[in-house]
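Structure first, commentary second.
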Amino acid sequence: MTKTNTGYMYGLLAATTFAIYILTNRYIYLTYHVDALKYTITFAAAGGVFALLGAIHNSVKGDTKIRFDKTLMPVVFNGVLAGIALGIFVFGQSYTSAANASILATTTMATTAAFSWFLIKGDRFGRKQLAWFGCMFVGLYLAIVGL
Numbered sequence: 236m237t238k239t240n241t242g243y244m245y246g247l248l249a250a251t252t253f254a255i256y257i258l259t260n261r262y263i264y265l266t267y268h269v270d271a272l273k274y275t276i277t278f279a280a281a282g283g284v285f286a287l288l289g290a291i292h293n294s295v296k297g298d299t300k301i302r303f304d305k306t307l308m309p310v311v312f313n314g315v316l317a318g319i320a321l322g323i324f325v326f327g328q329s330y331t332s333a334a335n336a337s338i339l340a341t342t343t344m345a346t347t348a349a350f351s352w353f354l355i356k357g358d359r360f361g362r363k364q365l366a367w368f369g370c371m372f373v374g375l376y377l378a379i380v381g382l
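Next comes the structure, spelled out in structure tokens:
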């Protein structure tokens, strides 16, 4: 499989698992009536534990070395920012429907692509990339909202 096709496969897999994630959150909020803050903290803590286990596993295998120096700090900072963003999303989803949450989540793909374009200083997307970007956007929306 080529790197391009692998990227498409991972994009499709990410969209599918994110759709499942949003629907799972909504099901939990509607079925069990959990406190949004407690659920968000539990979710973030579980994610941190799994990330740490993955890092330790890769370190033991020899794929990566865990070093607490300048190279790790940007990764930790990025992880903290992503955790905060995901926590805000989970917390906010308790106040809206899964459809509205999916629309909000899919629009972040467009802003991420625009931000990446800005950071890379004008690296342009090809026609295939734009087509697949649109396909992932529509696919995620349809997976969550339906027709």
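Residues in the sequence shown are numbered consecutively from 236, following our numbering.
Backbone N, C-alpha and C define an ideal beta-carbon position, used for all residues, glycine too.
Keep in mind the model is a prediction, meaning the values are calculated, not measured.
How long is the line joining the alpha carbons of residue 321 and residue 340, rounded to whole angstroms? The residue given as residue 321 occupies position 86 in the sequence shown. The residue given as residue 340 occupies position 105 in the sequence shown. The alpha-carbon separation between residue 321 and residue 340 amounts to approximately 10 angstroms.
Alpha helix (DSSP H) segment containing residue 324, residue limits: In the sequence shown, the residue the question calls residue 324 occupies position 89. DSSP places residue 324 in the uninterrupted alpha helix (DSSP H) bounded by 308-328.
Could you tell me if residue 331 is buried or exposed, where buried requires 16 or more neighbouring beta carbons within 10 angstroms of its beta carbon? Start at 1 with the first residue of the sequence shown, and residue 331 comes out as number 96. The residue is exposed, with fewer than 16 neighbouring Cβ atoms inside 10 Å.
Identify the continuous alpha helix (DSSP H) that holds residue 332 and give its terminal residues. Taking the sequence shown and counting its residues from 1, one reaches residue 332 at position 97. Note, residue 332: premise wrong, no alpha helix (DSSP H); not H, not E.
Compare the Cα-Cα distances from residue 258 to each of 342, 309, 335, 276 and report the closest residue. On the sequence shown, residue 258 is found 23 positions in, with the first residue counted as 1. Selected option, being the one with the closest Cα: 335.
Check whether residue 250 and residue 374 have beta carbons under 8 angstroms apart: As a first step, residue 250 must be located in the sequence shown, where it is residue number 15. As a first step, residue 374 must be located in the sequence shown, where it is residue number 139. Closer than 8 angstroms, so yes.
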